[in-house]
Structures are given as C-alpha cells and as structure tokens.
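Chain order of the listed sequences is A and B. If you read the first sequence in our numbering, its first letter stands for residue 1, the second for the next number, and so on. If you read the second sequence in our numbering, its first letter stands for residue 341, the second for the next number, and so on. Here's the structure, in structure tokens; my notes come after.
2 protein chains.
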Amino acid sequence: MVRATITDVAKRAGVGVATVSRVLNDSGYASEKTRKKVMEAVEYCDYEPNLIAKSLAQKSTSLIGVVISDILNPFYAKLIHAIQATCDEHKYSIILCNTDESKEKEREYLGLLSSNRVNAIILAGGRGIGESYNNHLLEAARKTPIILVNESVNAEGIFCVCCDKEKGAFQMTEYLIGLGHRNIVHVAGYPNFKPTQERLAGFLSAMHKHGLPVGTDNVIYSDYHISGGYATACDILSRDVLPTAIFASNDLMAIGVMNALQENGIVIPDKMTVVGSDNILFSEFTTPSLTTIDHDVALLGEHSVRMAIALINGEIPHRHEMIDTKIIIRKSSGKAKVTA
Amino acid sequence: MVRATITDVAKRAGVGVATVSRVLNDSGYASEKTRKKVMEAVEYCDYEPNLIAKSLAQKSTSLIGVVISDILNPFYAKLIHAIQATCDEHKYSIILCNTDESKEKEREYLGLLSSNRVNAIILAGGRGIGESYNNHLLEAARKTPIILVNESVNAEGIFCVCCDKEKGAFQMTEYLIGLGHRNIVHVAGYPNFKPTQERLAGFLSAMHKHGLPVGTDNVIYSDYHISGGYATACDILSRDVLPTAIFASNDLMAIGVMNALQENGIVIPDKMTVVGSDNILFSEFTTPSLTTIDHDVALLGEHSVRMAIALINGEIPHRHEMIDTKIIIRKSSGKAKVTA
DNA sequence: TTGTACGCGTTATCAG
DNA sequence: CTGATAACGCGTACAA
Numbered sequence: 001m002v003r004a005t006i007t008d009v010a011k012r013a014g015v016g017v018a019t020v021s022r023v024l025n026d027s028g029y030a031s032e033k034t035r036k037k038v039m040e041a042v043e044y045c046d047y048e049p050n051l052i053a054k055s056l057a058q059k060s061t062s063l064i065g066v067v068i069s070d071i072l073n074p075f076y077a078k079l080i081h082a083i084q085a086t087c088d089e090h091k092y093s094i095i096l097c098n099t100d101e102s103k104e105k106e107r108e109y110l111g112l113l114s115s116n117r118v119n120a121i122i123l124a125g126g127r128g129i130g131e132s133y134n135n136h137l138l139e140a141a142r143k144t145p146i147i148l149v150n151e152s153v154n155a156e157g158i159f160c161v162c163c164d165k166e167k168g169a170f171q172m173t174e175y176l177i178g179l180g181h182r183n184i185v186h187v188a189g190y191p192n193f194k195p196t197q198e199r200l201a202g203f204l205s206a207m208h209k210h211g212l213p214v215g216t217d218n219v220i221y222s223d224y225h226i227s228g229g230y231a232t233a234c235d236i237l238s239r240d241v242l243p244t245a246i247f248a249s250n251d252l253m254a255i256g257v258m259n260a261l262q263e264n265g266i267v268i269p270d271k272m273t274v275v276g277s278d279n280i281l282f283s284e285f286t287t288p289s290l291t292t293i294d295h296d297v298a299l300l301g302e303h304s305v306r307m308a309i310a311l312i313n314g315e316i317p318h319r320h321e322m323i324d325t326k327i328i329i330r331k332s333s334g335k336a337k338v339t340a
Numbered sequence: 341m342v343r344a345t346i347t348d349v350a351k352r353a354g355v356g357v358a359t360v361s362r363v364l365n366d367s368g369y370a371s372e373k374t375r376k377k378v379m380e381a382v383e384y385c386d387y388e389p390n391l392i393a394k395s396l397a398q399k400s401t402s403l404i405g406v407v408i409s410d411i412l413n414p415f416y417a418k419l420i421h422a423i424q425a426t427c428d429e430h431k432y433s434i435i436l437c438n439t440d441e442s443k444e445k446e447r448e449y450l451g452l453l454s455s456n457r458v459n460a461i462i463l464a465g466g467r468g469i470g471e472s473y474n475n476h477l478l479e480a481a482r483k484t485p486i487i488l489v490n491e492s493v494n495a496e497g498i499f500c501v502c503c504d505k506e507k508g509a510f511q512m513t514e515y516l517i518g519l520g521h522r523n524i525v526h527v528a529g530y531p532n533f534k535p536t537q538e539r540l541a542g543f544l545s546a547m548h549k550h551g552l553p554v555g556t557d558n559v560i561y562s563d564y565h566i567s568g569g570y571a572t573a574c575d576i577l578s579r580d581v582l583p584t585a586i587f588a589s590n591d592l593m594a595i596g597v598m599n600a601l602q603e604n605g606i607v608i609p610d611k612m613t614v615v616g617s618d619n620i621l622f623s624e625f626t627t628p629s630l631t632t633i634d635h636d637v638a639l640l641g642e643h644s645v646r647m648a649i650a651l652i653n654g655e656i657p658h659r660h661e662m663i664d665t666k667i668i669i670r671k672s673s674g675k676a677k678v679t680a
C-alpha cells in the first residue's frame with residue numbers, strides 16, 4: 001500500500017528526479033544508458049506516476065467533466081459511451097455526474113467539477129438552458145470551457161454541438177403527411193427544453209407547409225419518460241376524434257404511447273401510426289418496431305469531445321456545430337386508415 | 341480564467357492561509373469576526389478550492405474509479421446510476437471507464453485509475469475473472485481496494501458484492517417446471533463469466549431436482565447481446581424437437597430470442613415461453629412483457645459503494661456480500677403447451 | 001485564536 | 001546530457 005515516488009526511483013537509479021521525469025515523459029535528452037537504468041528502477045520500485053501531483057505541477061488534469069441529465073435513458077447512455085471512448089483515445093478520463101434532471105444538482109456538479117479542475121465540461125440534457133438565463137452556467141463557463149450537447153446558448157466560453165432536430169422532425173412530419181395522415185398529435189417533452197422546441201418547430205412548420213390545421217389538441221407536452229408517453233396516450237384515447245398518427249418527441253415516450261394503445265386494443269400501425277425520435281437500441285425491438293429519427297449519437301459524442309479538446313488546446317472552434325439526422329422507417333408507421 | 345488561490349484570499353482578508361483553510365473546512369477555531377472576513381474575501385475573489393492540491397496534500401482524492409464492461413447494457417447503466425448517486429451522497433466523485441468487454445482495456449483502466457490515485461475501484465462485468473487467474477487484478481488490488489460486482493475472487497484486497505444469481509435462476513427454473521415445461525433451453529452468456537456460471541448452476545440444479553433430463557441441447561452459450569439471443573433462437577428453431585421454454589441468461593438475449601421467435605410466427609407464450617434475467621427497464625415494455633429475474637441493481641450499486649467507502653476508511657467489511665433476487669412474472673411465460 | 005513554514009509528488013528552469 | 005531547486009495550492013504541526 002506504500003507507493004514509490006519519483007524520488008525513490010531516482011535514488012535507486014542513482015540519478016536525479018529530473019532525469020527520471022524526462023525519461024518517463026520522453027521530454028528532453030537522456031542517454032541510452034541512463035534511460036535503461038531508470039526503467040529498471042521503475043520496474044524494481046513498481047513505480048506508478050502520481051497524476052495528482054502531475055496535475056498540480058502542470059495545472060492540467062487530463063480530466064473532462066460530463067454532466068448528464070439521465071443516464072437511464074439509453075440515448076444518454078449511448079452518448080456517454082461515445083464521449084468516454086473518444087476521451088480515451090485522447091488520453092482524457094471523465095468524471096461522470098448524473099443530475100436526474102435536477103437543476104440544482106446540475107449547479108452543484110458544475111461547481112464540483114470546477115473545483116476538481118477538469119479541463120472542460122460537457123453538459124447534455126441541461127434543463128431549461130435555452131430560454132431562461134442560467135447564471136451559474138455562464139459563471140462556470142468563465143472558468144472552464146463548457147460544451148453543450150443539444151442545447152445552445154450564445155455566450156462567451158459556451159460552445160454547442162447539436163443534432164438538427166428541427167429538420168429531423170420536419171422530415172418525419174412530412175413522411176407522416178405523405179402517408180396520408182392529417183390529424184397528427186405531437187407528444188412534446190419538457191416545455192423549456194431546446195430539443196423539445198426544435199422538434200416542435202419542425203413539426204409545426206411541416207404541418208403549416210402542407211396546409212394542415214394545428215390546434216391545441218395537436219401538441220401535448222409530456223416528460224420524455226415511458227410513463228409520460230403512456231399517460232399522454234391515455235388522454236388522447238379519451239377524445240371523441242382520434243388522430244391517426246402520434247409523433248413522440250423521443251423513443252421512450254413513443255414506447256409508452258404504443259403500450260397504452262395496445263392495451264386498449266388499438267393495432268399499430270393499422271389503426272394508429274406511432275413514431276419517435278432518438279433511435280435507441282430498443283426501438284428496433286419493440287412490437288411493432290418503431291419508426292424513429294436517428295441522431296448519430298456516436299458522432300455527437302465524438303464531436304463534443306473534439307470540441308472540448310480543441311478548446312483545451314487554446315484553439316477556437318466554431319461556436320456551434322450541427323450534426324445531421326435521418327429517418328429510420330420501421331413497422332410502427334403506415335398509411336392513414338381511411339376514415340368513414 | 342485566472343483563479344484565486346488560498347493565498348489571495350488570505351491576503352485580501354488580512355489573515356494567514358491557515359485561517360482561511362480552517363474556516364473553509366470548519367476545522368479548528370476561528371472567531372466569528374475573522375470567519376466573516378474570510379467569507380467575504382472568498383466571495384470577493386470568487387475563490388474555489390483546488391481539489392487537486394488538496395488531494396496531494398491529504399493523499400486522498402475523494403475519487404472512486406468505476407470500470408464497467410458495457411454501459412450500453414441498461415443493467416449496467418442502472419448500476420452506474422446507483423453507484424454515482426451513492427457516491428454523491430458521500431461526497432465522492434466517480435471516474436467512469438467503459439471496457440467494451442475488452443480485457444486489455446480493463447487492464448489499462450486499472451492502471452490509469454491507480455495513477456489517478458482513486459481511493460477505490462468498483463469493477464463490474466469484469467471478463468473471465470472468476471476462474472482464470474487475473475494477475476493484474478490482484479496486483480492492482482494491492483494498491484487500491486477493489487470491489488467486484490457480481491464476481492468473486494478470493495484474494496487480499498478484493499471484495500465482492502453479488503446478487504444471488506444461482507438462487508434466482510433456480511427459482512425461475514422451478515417456476516417454469518411448475519408451469520409444466522420439461523424441455524427447457526437455457527441460453528447462457530459468456531462461458532468464463534461468473535454470472536453465467538451461477539445462473540447455469542441454478543438452472544441445472546432445479547432441473548436435476550425435478551428429475552428432468554438435461555442434454556447438450558439444453559444449454560447454449562451466447563454473448564449477452566440482443567443479436568446473440570436472436571442467433572441462438574434461430575439455431576433452436578432449426579431443431580426437430582423444439583423446447584417449450586427458453587430461459588435466457590439476461591434480458592437482452594431474451595429480447596433477441598423473442599424477436600427471432602416472433603419473426604418465425606411463434607406466438608409467445610402460447611407456443612413458447614421466454615424468460616430472461618436482469619429486469620431492465622424495457623423488459624416491461626416488450627410484447628409480450630418479459631418475465632424475468634429482478635436484481636435490485638440500486639441496492640447492488642449502493643452496497644458496492646458502501647463497501648468501497650468502508651475500505652477507504654480502514655474498516656474491514658465482509659469480503660463477500662449477497663443481495664437477494666426475485667422473480668417478476670409477466671406475460672411472456674405461460675403453461676407448457678400440451679404436445680401431441 | 002492565529003500565523004509561519006514545511007511537505008505532498010511532479011514538472012520545469014537553469015546552471016553545470 | 002544531467003542534477004539541484006523552485007514552483008504548483010493546499011493542509012497542518014508547531015509556535016506564538
């Protein structure tokens with residue numbers, strides 16, 4: 001349990017600590033002979049460099065903080081996976097924080113990560129960032145570069161990488177309209193959430209473009225969870241006039257919607273079309289398989305890390321990066337049933 | 341971007357650094373007057389303690405390393421969630437490493453975490469730990485306490501917290517037998533993986549107890565992924581004599597199995613019963629909903645962290661902790677169809 | 001109750 | 001090419 005220090009190694013090798021450091025980091029010169037002596041001593045002492053001390057000396061930790069709203073959502077799990085993998089390639093480690101969608105925890109974690117001197121922070125699923133002004137976010141950004149995933153804030157030190165959710169929702173809506181659907185309900189997520197608003201915007205603009213009426217019944221806000229989708233579908237089912245298609249703002253809610261529908265004997269897609277967004281792993285394995293919008297999460301994670309590292313290296317990347325989306329057509333969507 | 345140090349705060353407050361430290365950490369005395377002066381200076385300087393320097397001085401990082409085999413598996417996502425939440429309660433942060441089931445990466449991460457001087461390491465889904473002797477694991481454990489989740493190794497510095505998977509599998513098998521099933525296929529996971537072996541043991545012992553024959557056809561090894569379950573089910577379907585029930589070693593494979601079955605027109609559970617293990621979120625929302633074994637992952641994560649912290653605090657917990665499991669009966673299981 | 005000075009393990013500068 | 005030595009920012013005896 002007692003660990004060797006660089007001094008121990010230096011003594012054992014009969015050299016100075018600077019030499020050991022140089023050899024280990026391949027910085028500066030070192031004769032082949034001393035190099036060998038040092039490596040032997042390292043081996044002998046079972047020496048492992050203390051990254052904490054290194055961080056202190058170099059004022060850089062090789063740590064990136066990742067703040068996520070809900071790791072239980074496969075979308076974010078996949079994002080974390082991509083972030084971690086890309087960080088690993090670049091010799092960064094991640095400190096993971098999960099806020100459970102709590103704004104307060106988000107705030108705490110930002111401070112904690114700052115105290116831990118992470119070199120950058122990647123924040124995904126931040127609640128209510130878009131419209132409402134988040135003082136703590138801006139403040140944190142003055143000390144640590146922040147990369148927002150799927151959000152966008154126009155401020156110093158805050159950078160964003162997003163999927164083109166508006167376009168994706170627009171395409172999806174046009175696809176539904178192309179299938180003959182005219183009464184489509186969009187199950188939106190949290191109101192003050194950028195992705196919610198973007199997808200809603202895409203939905204509305206497609207509806208308008210095709211001259212379809214959009215009333216208050218056509219948009220319902222929910223919470224991005226299965227249970228929320230379920231409850232919303234139940235509400236919809238109590239209506240006199242049912243829509244022929246439901247477009248949920250994420251797959252989790254779509255799954256909840258399908259569940260409620262099926263429990264009420266509504267066959268998908270024969271009687272009702274259901275589509276989602278995110279293309280989580282399980283959307284392929286629901287019954288019927290779910291038509292959805294794919295976001296290339298791997299790319300999303302990769303780019304956010306690239307941006308973080310660029311910032312760390314003092315480069316100034318574009319403040320806003322956009323990733324394309326595409327529609328995945330499966331079996332939960334079909335032609336609108338001809339109403340009597 | 342320039343951060344204040346404790347010295348800056350001390351100067352501003354007109355006190356010594358020790359006083360600032362004492363005030364901020366509530367250690368030692370400090371008059372109300374100086375306390376106030378210090379707090380004002382902290383505010384004025386926008387001071388955030390440097391945890392890196394603190395770690396170096398105290399030889400403790402408040403960091404726990406988490407090594408996971410597959411964060412994309414909802415079981416592990418849930419585990420991470422629990423681990424992170426519990427760590428947070430105890431003022432620990434986590435460095436997350438995902439091995440993608442690579443033994444080599446696991447090895448690398450162990451070293452990296454050790455260099456980062458994490459106070460403990462929680463390892464879940466470690467590949468092939470049980471039987472084959474893992475030198476690097478034992479070596480790492482001599483420097484950093486290691487907690488194995490769902491694995492068990494009897495060695496100095498290695499502690500384990502497991503679910504009683506054997507019992508769970510035993511109960512599940514008895515449940516199936518109780519439904520009249522006699523020809524049951526167990527789709528196992530990776531052969532050299534403790535959970536695989538435990539569930540297999542439970543399966544076998546229940547079959548034996550009830551005098552049911554178990555041939556080579558009754559156990560098939562796969563890979564814990566949806567695709568693996570799918571492929572395995574396809575294999576099974578090509579047989580002359582089909583089983584009446586399939587018990588997959590995790591829910592992911594069970595989902596793959598159900599998918600393959602349904603694609604071939606086999607109605608679940610009328611023609612075939614399918615059950616899994618893990619009770620991941622989605623097992624409730626498959627069609628039909630999946631009968632499975634619940635593991636109380638939250639408790640699993642919580643206990644692993646508690647054990648880690650106990651070890652950090654120099655306590656010596658039991659080397660092995662066990663968490664109970666229970667069967668969740670849903671709609672994918674039913675009475676064995678009466679064969680002609 | 002408060003301040004000084006040292007140690008934590010590295011890196012980096014600067015003579016040699 | 002190599003070796004002292006001064007930072008890095010904090011906690012903490014120890015002294016006052």
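Glycine residues also receive a C-beta, built at the ideal position from the N, C-alpha and C atoms. Note that the coordinates shown come from a computational prediction; the quantities given were computed from them, not determined experimentally.
- Taking 8 Å as the Cβ-Cβ cut-off, the region 615-630 of chain B approaches chain A at L621, F622, F625, T626, T627, given in chain order.
- A direct Cα-to-Cα measurement between T196(A) and S249(A) gives close to 7 Å.
- Cβ-Cβ separation between T513(B) and G542(B): approximately 7 Å, consistent with a contact (criterion under 8 Å).
- Taking each of C502(B), L544(B), I524(B), S562(B) in turn and checking the Cα distance to P531(B), the smallest one comes out for S562(B).
- Around R117(A), the same chain offers T61 as residues with beta carbons nearer than 6 Å, after the five sequence neighbours per side are excluded.
- Judged by DSSP secondary structure, V382(B) falls within the alpha helix (DSSP H) whose first and last residues are 372-385.
- Taken in chain order, the complete alpha helix (DSSP H) segments of 4 residues or longer contained in the region 461-500 of chain B are 475-481.
- Under the three-pair Cβ rule at 8 Å, the region 64-73 of chain A counts as touching the region 93-104 of chain A.
- E32(A) and R127(A) have their C-alpha atoms some 56 Å from each other.
- Along the region 390-436 of chain B, the beta strand (DSSP E) occurs as fully enclosed runs of 3 or more residues at 403-408, listed in sequence order.
- Burial state of I329(A) is exposed, judged by a 10 Å Cβ sphere holding fewer than 16 other Cβ atoms.
- In the three-state reduction of the DSSP assignment, N218(A) falls in the helix class.
- Restricting attention to P657(B), R375(B), I667(B), the CA atom closest to the CA of C500(B) is found in P657(B).
- According to DSSP, C502(B) shares a beta bridge with M662(B).
- Between S333(A) and S442(B), the alpha-carbon positions lie close to 38 Å from each other.
- Per DSSP, the unbroken alpha helix (DSSP H) holding F203(A) starts and ends at 194-209.
- Neighbours of T426(B) in chain A, taken as residues at a C-beta separation under 9 Å, are lacking, since the least C-beta distance is about 11 Å.
- By the neighbour-count definition (other C-beta atoms within 10 Å, threshold 16), A13(A) is a buried residue.
- According to the DSSP assignment, D235(A) belongs to the alpha helix (DSSP H) that extends over 226-237.
- A direct Cα-Cα distance of roughly 8 Å separates R646(B) from T426(B).
- Between D278(A) and L540(B), the alpha-carbon positions lie close to 36 Å from each other.
- L311(A) is outside the set of residues whose beta carbon lies under 7 Å from a beta carbon in chain B.
- Each residue's CA atom was taken as its position, placing D296(A) and Q262(A) some 29 Å apart.
- Scanning chain A for C-beta atoms nearer than 9 Å to the C-beta of P583(B) yields nothing, as the closest lies near 22 Å away.
- Under the three-state reduction of DSSP output, A588(B) falls in the strand class.
- Within the same chain, F203, V219, F247 come within 6 Å of H186(A) by CB-CB distance, once the 5 residues on both sides are set aside.
- Checking the DSSP bridge columns, you'll see N438(B) partnered with I408(B).
- Taking all protein chains in view, the Cβ of T556(B) is surrounded by fewer than 16 other Cβ atoms within 10 Å, so the residue is classified as exposed.
- Using a Cβ-Cβ cut-off of 7 Å, H81(A) counts as an interface residue toward chain B, since at least one Cβ of chain B sits closer than that to its own.
- Taken in chain order, the complete beta strand (DSSP E) segments of 3 residues or longer contained in the region 251-338 of chain A are 273-275, 292-294, 320-323, 326-328.
- Residue pairing for V187(A): DSSP places it in a beta bridge opposite I220(A), A248(A).
- The Cβ atoms of A260(A) and Y230(A) sit closer than 7 Å to each other.
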